[in-house]
Ligand SMILES: Cc1ncc(COP(=O)(O)O)c(C=O)c1O
């Protein structure tokens, strides 16, 4: 047998086989975790209900679930979103889109990132909506539509200042015309994305105005018009001038600002990370803690060493700044977070 086949066999036994395979010494039960993430599905469902209740009736809910639903686990999150009756899904690529399509027919699924030419076919296979930012993409999708004899659904994306995807706003009307003239393309929406919604109100206002200027010069009847993400809802009080919002973070419990369109929505965190205390020990005043000696004890101190570090997902930048909850108390992280251990006081 070729060597690589032998390796594959060893690397992919079932979990029962693992215990009997002499190459794997571990028979440690899965319940003995040194750290783990918990996803609070009930909190997620409550968040969705509250967001939906707060959205104006004429504003559609585009649920952004890219990157495995922001790390929360796509299937579980998408199932709840479907049950709660969101209007649309938005993802980063065809792989995520196909996963959602397998879970349910009918939901419109918008791909926010550019497609590689080899991926175009999946727009038809999985009944997806592509984003058009360039005349080349429009032509490619139109050719695909002709070859498969179906209209390809697209949203036009306009770059109003993000400098990433989208046709630059000053050229948007021309591309809009092209899309409308090309055969086998079905324009279903127009959107833009804000670059600094959480930090620069004035610039977001400029982007919004650029977008509105384009919309004013074209017929948007029947189109989904969207710009706002969780943070940019901050810059909107009252009604949205658009008929859809793209919501990612807020669903998972990252709270908006108090004066936003959804500011009164009480969302709860969905994700929590847990670990265990490995040892507790007493150290004398003046002891330096962890790599780089970035922290020195100001008094005799009892510390605890946790059994998780940056390799497990505790951000290095929480070194000397973060806190962890231990028995309901906020305990500061001392010194640098290390690869698989973190020191707290
Ligand atoms: C184009 C686009 N729209 C909307 C979102 C959702 O943003 P948020 O998670 O801040 O709500 C994202 C997130 O990455 C995005 O790339």
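In this note's numbering, the protein residues as written are 109 to 453.
For every residue, glycine included, the Cβ atom is placed at its ideal position computed from N, Cα and C.
Query                                                                                                    : Result
Continuous beta strand (DSSP E) assignments of at least 3 residues falling wholly in the segment 135-213 : 143-147, 168-172, 196-199
Three-state secondary structure assigned by DSSP to residue 280                                          : helix
Residue span of the beta strand (DSSP E) that contains residue 264, given as start and end               : 260-267
Proximity winner among 441, 310, 360, 236, relative to residue 212 (alpha-carbon distances)              : 236
For residue 125, the three-state DSSP class (helix, strand or coil)                                      : Because the pLDDT at residue 125 is just 45, under 50, the model does not fix this residue reliably, and the point stays unresolved.
Whole-Å CB distance - residue 217 paired with residue 358, under 8 Å assumed                             : That pair is no contact at about 20 Å.
Euclidean distance between Cα positions of residue 149 and residue 381                                   : 15 Å
Inter-stretch contact (C-beta, 8 Å, three-pair minimum) for the segment 383-397 and the segment 160-168  : no
Through-space distance from residue 188 to residue 419, alpha-carbon basis                               : 30 Å
Integer Cβ distance of residue 361 from residue 376, believed to fall under 8 Å                          : 5 Å
Residue 238 - partner residues in DSSP beta bridges                                                      : 262
Per DSSP, cross-strand counterpart(s) of residue 418                                                     : Answer is none; residue 418 lacks a bridge partner.
Limits of the unbroken alpha helix (DSSP H) element including residue 221                                : Run containing residue 221: none; DSSP gives neither H nor E here.
As assigned by DSSP and simplified to three states, the class of residue 437                             : strand
Where residue 447 falls, given that 16 or more other Cβ within 10 Å makes a residue buried               : exposed
Spatial distance of residue 468 from residue 316 (CA atoms)                                              : The structure shown has nothing for residue 468, since the chain only spans 109 to 453.
For residue 248, the first and last residue of its enclosing alpha helix (DSSP H)                        : 243-256
Supposed close pair residue 385, residue 412 - CB separation, criterion 8 Å                              : 5 Å
Under the three-state DSSP convention, the category residue 380 falls into                               : strand
Coil, strand or helix - residue 320 by DSSP                                                              : helix
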